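Residue numbers (UniProt numbering): 1 to 293.
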């Protein structure tokens, strides 16, 4: 069971000139160059909006499912993998970026797994844009989850067949008081300040360290107000599984463009065994999700 209550509050972002700067460097993990995959298109659009530097990184299909502990890709996999002309792709990506208003765009190719690529290339980026189906469904948590966990980078996960514009006018935030969800809110500030409507679903369950007063309490609503974002708060008390359902239901019913949440409230293994909000949202979200570990 779960309980919830809704507090009346204005839903529009407060108009103010004091804005948080957008991410300085955006990484798009590209899966296709002809046509350009959704991560490439969304990455270019966001970089143009914020004046960000952009890196498009094509991850070799034969190596995407590799874990860090795995060896080199198989010979058969390399033979079957579609080849990509790096020079042509580099030129085409630069042309796409310039056409849409991005002044600094770099092209790269990775022959490592998604997790290793994101951890390495993500080290000098502020946001990653990734298609959920960059890996097979069987590797969603093991591979993509490992990538999000290992990089500790804010990751914008795009659902399969998504063709929307990254305008994100209505954003829903899921916050349970965990470090992961707090980091996600902090990373999402540029998105939230662009949105016309923000809903905060607050299911804060304070840890023992917080509850005894040894650490300052994080109030997401007050934090957002300080950054000129006025959110409509909803307070719930629910298990991790139910929290995932609530977030997905809110996203479906309210014409939401973007969901913001922390990744892995518990260890990754516990998420795989017992499910949880992270797993549920990763598997079923039909809209982009901004996650951070």
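Backbone N, C-alpha and C fix where the C-beta goes; we use that ideal spot for every residue, glycine too.
The model shown is predicted, which means the values in this text are computed figures rather than measured ones.
Tell me which residues share the same chain as residue 231 and place their Cβ nearer than 6 Å to its Cβ, disregarding the 5 neighbours each side in the sequence. 198, 200, 224
Out of 216, 104, 27, 124, point me to the one whose CA is closest to residue 182's CA. 216
Validate contact between the segment 142-149 and the segment 108-123 using beta carbons, cut 8 Å, 3 pairs: yes
Candidates 196, 29, 250, 213, of which the one nearest residue 109 by Cα: 29
Decide yes or no for the touch test of the segment 152-163 against the segment 59-67: beta carbon pairs closer than 8 Å, at least 3 of them. no
Below 8 Å between beta carbons: does that hold for residue 39 and residue 104? no
From residue 159 to residue 180, what does the alpha carbon distance come to, in whole angstroms? 21 Å
Excluding sequence positions up to five away, which residues of its chain have a Cβ less than 8 Å from the Cβ of residue 122? 27, 128, 151, 153
When you compare only the Cα positions, how much space is there between residue 288 and residue 42? 11 Å
Just how far apart, CA to CA, sit residue 155 and residue 102? 20 Å
Report the rounded CA-to-CA distance for residue 31 versus residue 37, giving the unit in angstroms. 6 Å
What is the rounded straight-line gap between the Cα of residue 236 and the Cα of residue 168? 24 Å
Report the three-state DSSP secondary structure of residue 246 (helix, strand or coil). helix
Closest by C-alpha distance to residue 120, when choosing among 248, 147, 229: 147
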